[in-house]
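A short worksheet on the structure shown next.
Numbering (the working numbering), first residue to last: 80 to 263.
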C-alpha cells in the first residue's frame, strides 16, 4: 500500500457499502485514499476498512472522537490496530485528551510495529455559525486558530479545517502541520 500522504481523499458518504465499493472500483488507481465517516463505519465497521486495505487503498477514519482522555486514547488504539492512514478527534476535548490520543497511537504503532496514523484535530464544525450558542465568546476565526494551535502543541499532526482557514492556520502552525480540507 502506498504510504505517502494523499493529496486527494474521496469521501464515501453514501447510503451503503455496495455503492461505496462500486465507487472505489470505478475510480480505480486514480484515488489512493478514502474517507470513512460515522454513518458507514457505524453500519459496516472494520470490515469496510479491511476491504479498502485489500484494494490497496489508504483510509481516513473520520469519527471525530470526543470523550474523556482514556476513552479517546483507547478508541485511537483501536483505530491504529485497523492500520488507518489518519483519523480525527475534536480539539475541544482539550489538551489532556489530545495528548492521551497522540501517546496511545505512538505506543500502539510501536507495539504492533506499524506506521502510526496521522492524528487530525477538528476545530470548529463548519455548520456552527454562532459560537455563543455553545458558550464561546470568540469569533470563529479566533477559536479555530486557538484550537489548531492547541492541537499541534498537544502532539496532533494537524487539523481538518475550512479552505477559508488554511492561510491563517498555515501561518500559525508552520509547514510541517498537516491541513486537510473537505471538498466543496
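Using N, Cα and C, we set each Cβ at its ideal position, and we do this for glycine too. Since the structure is predicted, the reported quantities are computational estimates derived from the model, not experimental observations.
### Query
Which word fits residue 236, buried or exposed, when buried means at least 16 other C-beta atoms lie within 10 angstroms of its C-beta?
Counting from 1 along the chain shown, the entry for residue 236 is found at position 157. Under this definition residue 236 is a buried residue.
### C-alpha distance - residue 177 paired with residue 139, whole-angstrom precision
Position 98 of the chain shown, counted from the start, is the residue given in the question as residue 177. Position 60 of the chain shown, counted from the start, is the residue given in the question as residue 139. Between residue 177 and residue 139, the C-alpha separation is close to 18 Å.
### Query
Is DSSP giving residue 185 helix, strand or coil here?
In the chain shown, the residue the question calls residue 185 occupies position 106. The answer is helix: DSSP assigns residue 185 an H, G or I state.
#### Entry: Short Cβ contact (7 Å threshold) for residue 142 with residue 117
Here residue 142 is taken as the residue at index 63 of the chain shown, counted from 1. Here residue 117 is taken as the residue at index 38 of the chain shown, counted from 1. Yes; because the gap between Cβ atoms is below 7 Å, this pair is in contact.
#### Entry: Length of the line joining the Cα atoms of residue 194 and residue 247
Along the chain shown, one-based indexing puts residue 194 at 115. Along the chain shown, one-based indexing puts residue 247 at 168. So the alpha carbons of these two residues sit roughly 29 Å apart.
### Query
residue 137 and residue 109: beta carbons closer than 7 Å?
The sequence position of residue 137 within the chain shown is 58, counting from 1. The sequence position of residue 109 within the chain shown is 30, counting from 1. Going by C-beta atoms, residue 137 is not nearer than 7 Å to residue 109.
### Task
For residue 128, name the three-state secondary structure that DSSP assigns.
Taking the chain shown and counting its residues from 1, one reaches residue 128 at position 49. Reduced to three states, the DSSP call for residue 128 is helix.
### Task
Using a threshold of 7 Å, state whether the C-beta atoms of residue 113 and residue 87 are closer than that.
To locate residue 113, count along the chain shown from 1; it is residue 34. To locate residue 87, count along the chain shown from 1; it is residue 8. Their beta carbons are not under 7 Å apart, which means residue 113 does not touch residue 87 by this criterion.
### Message
When you compare the segment 145-160 with the segment 208-223, are there three or more beta-carbon pairs, one atom per stretch, that lie closer than 8 Å?
### Response
no
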